[in-house]
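See below for the structure under consideration.
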Amino acid sequence: MGSREVLFTGLVVVFLTSTTLFILQLGDDEADNSQVDFYAAGNSPILMGDGHDHRNASDHQHGTDNIEYLSFNPLTTPGNAEVQVARSPDGNVYSYQAGWNDMHIVDVTDPYNTTVMGVYNDPNTQVLDVKYIEHDGREFIIQQNQLIDPGNADPNVGEWSDPAQVSVTLIDVTDKSNPCYVDSWYDADHPSGPHNLFTHKIDNEWYIFVANPDYEQCDSALGEACGGVTIAHLDLDTAITTLGCSSTIPLTPPGLAIFKVGEAEVAWENTRGGWIYIHDMTVQTWPGTDQNDPRYGRTFIYGSYWEAGLRIFDVSDVPHPQNSPEQYAFHVSACKAGVGNPLMCRWRAPEVGSWMEFLDMDGDGQPDSQTTGNVNGGRVSYIHYAEPFPEMVDVSHLGKGDELRHYTTAAVEVLSTTEGTGILYLLDTTNYTLDDGHFQFSISLASDWEIPYAEEVCYGADCSLNPDGEEWLLFSPHNLDSAYFETNEETDASHGGGWDGRLYVSHYHAGLWVLDLETLIVTGTEGWTERHIESTVGWYLPHGVDGEPLASVSYEFGWVPFLWAVEHHEGRTYASCISTGLYIVQLDIDKPFIGQPV
Ligand SMILES: [Zn+2]
18 MGSREVLFTG
28 LVVVFLTSTT
38 LFILQLGDDE
48 ADNSQVDFYA
58 AGNSPILMGD
68 GHDHRNASDH
78 QHGTDNIEYL
88 SFNPLTTPGN
98 AEVQVARSPD
108 GNVYSYQAGW
118 NDMHIVDVTD
128 PYNTTVMGVY
138 NDPNTQVLDV
148 KYIEHDGREF
158 IIQQNQLIDP
168 GNADPNVGEW
178 SDPAQVSVTL
188 IDVTDKSNPC
198 YVDSWYDADH
208 PSGPHNLFTH
218 KIDNEWYIFV
228 ANPDYEQCDS
238 ALGEACGGVT
248 IAHLDLDTAI
258 TTLGCSSTIP
268 LTPPGLAIFK
278 VGEAEVAWEN
288 TRGGWIYIHD
298 MTVQTWPGTD
308 QNDPRYGRTF
318 IYGSYWEAGL
328 RIFDVSDVPH
338 PQNSPEQYAF
348 HVSACKAGVG
358 NPLMCRWRAP
368 EVGSWMEFLD
378 MDGDGQPDSQ
388 TTGNVNGGRV
398 SYIHYAEPFP
408 EMVDVSHLGK
418 GDELRHYTTA
428 AVEVLSTTEG
438 TGILYLLDTT
448 NYTLDDGHFQ
458 FSISLASDWE
468 IPYAEEVCYG
478 ADCSLNPDGE
488 EWLLFSPHNL
498 DSAYFETNEE
508 TDASHGGGWD
518 GRLYVSHYHA
528 GLWVLDLETL
538 IVTGTEGWTE
548 RHIESTVGWY
558 LPHGVDGEPL
568 ASVSYEFGWV
578 PFLWAVEHHE
588 GRTYASCIST
598 GLYIVQLDID
608 KPFIGQPV
């Protein structure tokens, strides 16, 4: 344990006083230097220790001066998860926020004065993920239910004969005050319900990608997809023209809008063992314009597979109603007949890239993990969220060559640690190899980041200084959002070059962290703390009201903040706090981009 935390633990009052001074004295243009001064003075952005109450909002007035609080909306109930923000065809901006047993629609057009427009109640299980789709002027949310938390769910949960409790659900949100059920899909391969989902268009047709975290009692040798990604076609034209919109969830779903066509699954023979399952995934059509690159125009899933690391799957040749109607009809009917059972539902997206070269913190020559030693709560190995950067970027002004490069972020989720708060990796996913006409991503580590001085912090049951099982997941990256900004001399905030890139990281009780992509690229893997400070743009702990422990088995903490997700949208940052609600904040260097698609 370093002197910083010992000092801090004993001097909470003094620390908070000095933090207040720090925040008040910062000027916009002094932010970078002041961050260095802040750490040099022995301060920490990590709040813990004697006398500190993680549920007390006023104990968490903490952040850098370049992030301004705009508003807080407590919504109608606590218990929140993923948030999506989108500009509607009606011209307003709305957020759609997963809310444990409901989904809130909030008008955020005026970020200082937000209004709950509608609530979709889904009392069956837990709504953790939502994705927004606009199609032909109509608006939809696709969300999941997972049986994760009987403490906050319908008492009938566990009645397996009621698949509506563990399904993917399509909701029409065109009328913001009256969100309504359209259709749902239950997958036999998701017996406890899906955990995450993602939407993406392939050749003008919408597809959904659904994470199935179940993998026990699953035999990959039999052709079962163990902990795989369900891939389904979304027929929104039929949803619009044929299906109604219901205020109640029917016992038998219409089954006319969501059609499973296959799965993607980690190549088990190419792993190191340990704890392996799909968590989050994102999907991107390759952003490069080089037609000689075999990935040109193709679409990939970037899956987070815990100790199997990042896994990339090629879904370009997915059964498609226009491109391959016979194959599509065959797989849809086979998947439907087996309710998604992967033994009958056989199409698989091939794995075309993987990375699991985690950091080697114990210096034994192997990446740290459960099977190679020094797992430390998964600080470097529990890959939980990965996202390709939206654009190929020019790095010539950064001294990294003339070729446009493609980067992918991959961050861990840490349960409890003996030291550290969890690593965020920046991976270079530009290169590929060709073998007999088949390409494979050739992935290398470009940089990594952790909260500065995190190695002086521990938490949860594994923390020898203060073992506290209740503090599991206290400090850890969770989700992130990456944004690409086209800049000019006036708006560029980092290194010039005509673009900036920022990562907006939800870091549970450590709040919102904003990182600078160009600084990560420039500093690479040299050094440690100095570059972690240098690549940090700012951080902020939203703290609207005191937290109450939730009626929940998995997330009873009531910590303020406890950020599930942050989203950047048109220059503003939206943070979904599990225990309190929706926050909107403003990073100073994002102001030129307010109202612009980024
Ligand atoms: Zn706290």
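According to the numbering used here, the sequence shown is numbered sequentially starting from 18. The beta-carbon is built from N, C-alpha and C at its ideal position, and this holds for glycine as well. Quantities reported herein were computed from a predicted structural model and do not represent experimental measurements.
Worksheet item: For Ser464, which option in Glu374, Asn505, His455 has the closest C-alpha, if you only look at C-alpha atoms?
Response: Glu374
Worksheet item: What's the call for Ser523, buried or exposed, on a 16-neighbour Cβ count within 10 Å?
Response: buried
Worksheet item: Within 7 Å: the Cβ of His526 and any heavy atom of ligand 1?
Response: yes
Practice prompt. Return yes when the Cβ of Pro566 is within less than 8 Å of the Cβ of Gly528, no when it is not.
Written response: no
Worksheet item: What does a CB cutoff of less than 8 Å around Leu444 pick up in its chain, not counting 5 residues either side in sequence?
Response: Leu327, Trp372, Tyr424, Thr425, Thr426, Ala427, Ile460, Ser461, Leu462, Ala463
Discussion item. Does the distance between the C-beta of Ile65 and the nearest non-hydrogen atom of ligand 1 fall short of 7 Å?
Written reply: Here residue 65 turns out to be Met, not Ile, going by the sequence shown. Result yes, Cβ under 7 Å from ligand 1.
Practice prompt. Note down the Cα distance separating Ile329 from Ile318, rounded to an integer number of angstroms.
Written response: 5 Å
Fill in: Helix, strand or coil at Ser481 according to DSSP, with G and I counted as helix
coil
Worksheet item: Using a Cβ-Cβ cut-off of 6 Å (strictly less than) and excluding sequence neighbours within five positions of Arg548, which residues of its own chain qualify?
Response: Thr540
Discussion item. Just verifying my parser: in three-state terms, what is the DSSP assignment at Arg328?
Written reply: strand
Worksheet entry | Per-residue burial, Asp607 [other beta carbons within 10 Å of its own, 16 or more giving buried] | buried
Discussion item. Going by DSSP, what residue range makes up the beta strand (DSSP E) through Lys417?
Written reply: No beta strand (DSSP E) holds Lys417; DSSP gives it neither H nor E.
Discussion item. Rounded to whole angstroms, what is the Cα-Cα separation between Val100 and Val53?
Written reply: 32 Å
Practice prompt. Specify whether the segment 440 to 457 and the segment 502 to 519 touch according to this definition: at least 3 beta carbon pairs, one from each stretch, less than 8 Å apart.
Written response: no
Practice prompt. Could you say if the segment 123 to 142 and the segment 194 to 207 meet the contact criterion of at least three C-beta pairs nearer than 8 Å?
Written response: yes
Practice prompt. Between the Cα of Ile275 and those of Val133, Gly68, Ser413, Thr186, spot the shortest distance and give me the residue it belongs to.
Written response: Thr186
Item to complete: Consult DSSP for Arg155 and reduce its assignment to one of helix, strand or coil.
Response: strand
Discussion item. Given this structure, state the Cα-to-Cα distance separating Asn616 from Gly108, to the nearest angstrom.
Written reply: Residue 616 lies beyond the range of the chain shown here (18 to 615); nothing can be said about it.
Worksheet entry | Sub-8 Å separation of Trp576 and Trp556 beta-carbons | no
Worksheet item: Using the rule of at least 16 other Cβ atoms within 10 Å of the residue's Cβ for burial, across every protein chain shown, is Asn505 buried or exposed?
Response: exposed
Discussion item. Quick check on Asn496: does DSSP put it in helix, strand or coil?
Written reply: coil
Discussion item. List, from N- to C-terminal side, the alpha helix (DSSP H) runs of 4 residues or more that fit wholly inside the segment 281 to 362.
Written reply: 342 to 354
Practice prompt. Would you list the one or two residues that DSSP bridges to Asn531?
Written response: At residue 531 the sequence reads Val, which differs from the Asn that was named. Partner(s): Tyr521, Gly555.
Worksheet item: So Leu253 is in the alpha helix (DSSP H); what residue range does that whole segment cover?
Response: 253 to 258
Worksheet item: Quick one: is Trp202 buried, meaning 16 or more other Cβ sit within 10 Å of its Cβ, or exposed?
Response: buried
Discussion item. Spatial neighbours of Val110 within its chain, please: C-beta separation below 8 Å, excluding the five flanking residues on both sides.
Written reply: Val102, Ala103, Arg104, Asp124, Val125, Thr126, His586, Glu587
Practice prompt. Might you give, ordered along the chain, the residues of its own chain that have their beta carbon closer than 7 Å to the beta carbon of Glu408, omitting 5 neighbours on each side?
Written response: Pro304, Tyr501
Worksheet item: Who does Ala403 pair with in a DSSP beta bridge?
Response: Ala427
Discussion item. Under DSSP, the beta strand (DSSP E) around Glu368 begins and ends at which residues?
Written reply: 368 to 372
Discussion item. Are there any heavy atoms of ligand 1 lying less than 7 Å away from the beta-carbon of His71, as far as the coordinates show?
Written reply: yes
Discussion item. Within a Cβ cutoff of 6 Å, which residues of the same chain sit near Val356, ignoring the five residues on either side of it in sequence?
Written reply: Ala205
Discussion item. Tell me whether His495, by its Cβ, gets closer than 7 Å to a heavy atom of ligand 1.
Written reply: no
Worksheet entry | Classification of Asn287 by the beta-carbon crowding that lies within 10 angstroms, buried from 16 upward | exposed
Practice prompt. Compute the distance between the beta-carbons of Ala346 and Arg363, then report whether it is under 8 Å.
Written response: no
Worksheet item: If you draw a straight line from the C-alpha of His250 to the C-alpha of Tyr129, how long is it?
Response: 38 Å
Discussion item. Less than 6 Å between C-beta atoms, sequence neighbours within five positions excluded: which residues of the same chain meet that for Pro609?
Written reply: Thr508
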